[in-house]
Amino acid sequence: MPRSHRDPAKSRRDRLDLFEIRRDLVKVRSGLAISGDFWQNSADIHTTRNRSRTDLNPAKIRPPEPTPFTVGDGSKNGKPEMIGSIKISCASLAGFPSMLRSPGHAPQPIVSRHVAVIGAGAAGLVTARELRREGHSVVVFERGDQVGGTWVYTLNVESDPIGLEPTRTTVHSSLYDSLRTNIPREAMGFRDYPFVPKDDPDRDPRRFPGHREVLMYLQDFTREFRIDELVRFETEVVRVRLVEEEEKWKIKSKQRSGKEMGLELDEIFDAVVVCNGHFTEPRVAYIPGINEWSGKQMHSHNYRDPEPFRDQVVVLIGNSVSAFDISWEVAGVAKEIHIAARTVIDGTFGKQPAYDNMWLHPMIKDVCEDGSVNFLDGSIVIADIILHCTGYKYHFPFLETNGIVTADDNRVGPLYKHMFPPALAPRLSFVGLPWKAIPFPMFELQSKWIGGVLSNRFTLPSQEEMMGDVEAFYSSLETFGTPKRYTHCLGDNLVEYNNWLASQCRCPAFEDWRMQMFLVTIKSKLAHLESYREEWEAQHLVLQAYEDFIKHTSEQVS
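If you count the sequence shown from 1, position 244 lands on 244 in full-length UniProt numbering, and the numbers rise without skipping.
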């Protein structure tokens with residue numbers, strides 16, 4: 001099917017509107033302010049010299065809706081067609097590590113491969129897009145009936161509330177009803193598809209929106225780049241097995257619904273990218289005496305709302321942001337709530353002044369048959385239920401690598417840069433393992449790198465060099481006393497890791513405003529854990545973000 005041509009006059013008008021937005025945004029940065037709504041049409045933009053920066057409402061700023069490229073039937077000359085490609089000038093790579101092997105390695109011809117992506121959450125969706133952009137043939141396997149992965153909320157919970165029974169009925173999502181993002185939407189979105197508020201009363205315009213808004217953003221992203229045509233919904237991956245003699249993978253999948261429910265299919269792929277998330281398999285605390293304890297247990301994976309805890313004495317284990325979110329909700333209905341945390345700010349143990357029924361304790365020493373919970377500080381509580389807000393385990397029950405890749409104490413390895421097992425690279429890769437990260441932009445960079453490596457446009461080091469890098473990384477963790485379970489925690493290395501990935505992809509480094517937003521949020525959490533989502537003072541970072549968004553949109557229509 002031939003491509004249709006856009007109206008040149010309309011394109012020119014779009015660019016003029018964008019010019020007006022850029023001009024006025026520069027005025028804002030120069031000390032002027034925007035009066036009224038800041039919309040995509042230049043006719044709606046008003047500036048005034050009589051208002052201060054404090055009058056700005058950057059949440060009202062909207063970049064123009066991305067203009068989709070006109071495409072045919074998704075293929076051209078038998079090869080996948082590039083969908084929604086964006087022209088982005090790359091930053092200088094001076095000072096970055098070489099993306100190629102050492103001299104002596106002859107460049108390889110560019111190739112297109114048949115690639116399986118497991119999971120249609122945020123990681124799987126952007127991976128599918130980047131692989132197709134690179135010219136690969138892509139199939140996305142999704143166990144559920146829609147895109148979104150972790151961000152698909154359900155009232156359903158598992159048959160085993162603690163999540164330890166291997167034969168339990170599993171539920172993928174761990175969302176609770178009131179969950180909101182803990183990263184500003186501007187920083188959270190994909191780099192070339194901004195997560196901006198929509199002019200729609202059914203959407204959530206908050207800087208830290210609820211989970212439904214994130215799901216709708218991913219649905220918008222899927223439609224914009226026509227990713228749904230690559231996805232096989234309600235198709236469970238049963239087994240991914242290495243076919244060593246062919247250097248390929250055999251995937252056995254099973255249909256979970258419809259006329260072909262139960263039908264199993266075997267297929268061969270050149271490469272597999274695992275994007276199945278890591279918020280499904282509960283990780284629980286070891287508690288001496290728990291097998292004899294008379295109370296109930298639940299993991300936060302099965303928490304949806306606080307009502308089941310009404311008038312109960314609850315012991316909650318954990319001190320993550322979500323653990324505190326849940327504790328505040330539960331405190332509203334429970335008789336008492338006692339939080340057991342491994343680490344807290346000095347002086348915060350004991351009765352919490354903002355609540356009549358909340359106490360903070362060190363970790364649990366043991367529990368007894370009479371229902372008592374004994375803490376390390378000697379305090380004792382008779383509890384009805386223990387709620388584990390203790391995180392999750394990496395879990396790949398379908399993956400058979402003959403022992404080459406293992407998951408031990410939340411270390412998946414050995415993996416080069418958290419992605420490639422040296423002995424199986426680039427045929428097997430993982431997207432989305434690192435945590436304490438800004439996930440969506442990281443997924444985007446990881447998948448760009450994978451796509452380029454698979455096409456031979458980028459080159460990995462030798463197997464020996466990659467393995468040496470992994471061993472050096474593990475050694476550094478041991479030197480600093482970092483527990484194995486923190487192997488994939490980026491933390492302070494977030495910017496360094498993302499900039500390194502960007503260098504491998506030959507694309508711009510991680511935006512400074514994005515990282516600054518992340519740091520401002522962390523600082524705000526420490527100061528106002530309960531209210532940080534409602535307060536945002538770093539408006540200059542929002543303006544910097546929208547300047548970038550407008551630039552990307554301008555490049556799309558140019």
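Glycine residues also receive a C-beta, built at the ideal position from the N, C-alpha and C atoms.
How is residue i classed by DSSP in three states: helix, strand or coil?
i                 : result
histidine 361     : strand
lysine 393        : strand
glutamine 539     : helix
aspartate 512     : helix
phenylalanine 324 : helix
alanine 128       : helix
threonine 181     : coil
valine 240        : strand
tryptophan 293    : coil
isoleucine 118    : strand
proline 282       : strand
alanine 383       : coil
methionine 298    : strand
cysteine 489      : strand
histidine 338     : strand
Taking just the CA atoms, how far does residue j sit from residue i?
i                 : j                 : result
leucine 501       : proline 421       : 16 Å
arginine 232      : tryptophan 151    : 18 Å
valine 117        : lysine 551        : 31 Å
proline 166       : proline 282       : 11 Å
glutamate 478     : proline 184       : 33 Å
threonine 235     : phenylalanine 396 : 16 Å
phenylalanine 440 : glycine 189       : 6 Å
tyrosine 193      : proline 434       : 22 Å
aspartate 492     : aspartate 366     : 34 Å
residue 602       : leucine 230       : Here the chain has residues from 1 to 558 only, and residue 602 is not among them.
aspartate 228     : histidine 172     : 20 Å
methionine 419    : methionine 466    : 11 Å
methionine 216    : aspartate 377     : 46 Å
threonine 170     : tyrosine 176      : 16 Å
serine 554        : arginine 191      : 14 Å
serine 429        : valine 274        : 6 Å
alanine 423       : cysteine 505      : 22 Å
arginine 168      : serine 300        : 16 Å
glycine 258       : aspartate 145     : 11 Å
glycine 391       : leucine 460       : 33 Å
glutamine 108     : lysine 254        : 36 Å
tryptophan 328    : aspartate 220     : 32 Å
glutamine 352     : alanine 187       : 32 Å
asparagine 499    : methionine 363    : 38 Å
When every heavy atom of the ligand MN is checked, does at least one fall within less than 8 Å of the C-beta of residue i?
i             : result
threonine 479 : In terms of ligand content, the structure shown is empty, and the ligand MN therefore cannot be addressed.
Cβ of residue i within 9 Å of Cβ of residue j?
i              : j             : result
valine 140     : glycine 124   : yes
lysine 417     : alanine 407   : no
glutamate 247  : arginine 427  : yes
isoleucine 404 : valine 431    : no
methionine 298 : leucine 399   : no
aspartate 311  : serine 178    : no
arginine 239   : glycine 210   : no
cysteine 368   : glutamate 471 : no
On the CB-based measure, 16 or more other CB atoms within 10 Å of its CB, does residue i come out buried or exposed?
i                 : result
alanine 323       : buried
phenylalanine 269 : buried
glycine 481       : exposed
glutamate 307     : exposed
threonine 348     : exposed
aspartate 73      : Annotation note: pLDDT 36 at aspartate 73 (below 50); position unreliable, coordinate value reported separately. Exposed, because fewer than 16 other Cβ atoms sit within 10 Å of the Cβ of aspartate 73.
glycine 318       : buried
glutamine 40      : In this prediction, glutamine 40 scores a pLDDT of 30, lower than 50, which makes its location untrustworthy; no coordinate-derived value is stated.
methionine 358    : buried
histidine 278     : buried
tyrosine 286      : exposed
methionine 261    : exposed
leucine 526       : exposed
asparagine 156    : exposed
histidine 136     : buried
histidine 528     : exposed
leucine 218       : buried
leucine 263       : exposed
Can you tell which of the options has the C-alpha that lies nearest to the C-alpha of residue i?
i                 : options                        : result
alanine 545       : Arg533, Leu445, Gln516, Glu535 : Gln516
alanine 334       : Leu316, Ala340, Pro197         : Leu316
serine 265        : Leu519, Ile251, Ser112, Gly210 : The sequence given here has leucine at residue 265, not serine. The shortest C-alpha separation from leucine 265 is found at Ile251.
glutamate 537     : Phe510, Glu547, Val520, Val214 : Val520
phenylalanine 458 : Pro288, Gln446, Glu186         : Gln446
serine 294        : Val373, Pro414, Asp409         : Val373
isoleucine 522    : Ser327, Asp384, Val321         : Val321
asparagine 410    : Leu494, Arg256, Cys489, Ala383 : Cys489
glutamate 444     : Val111, Arg133, Val115, Glu142 : Arg133
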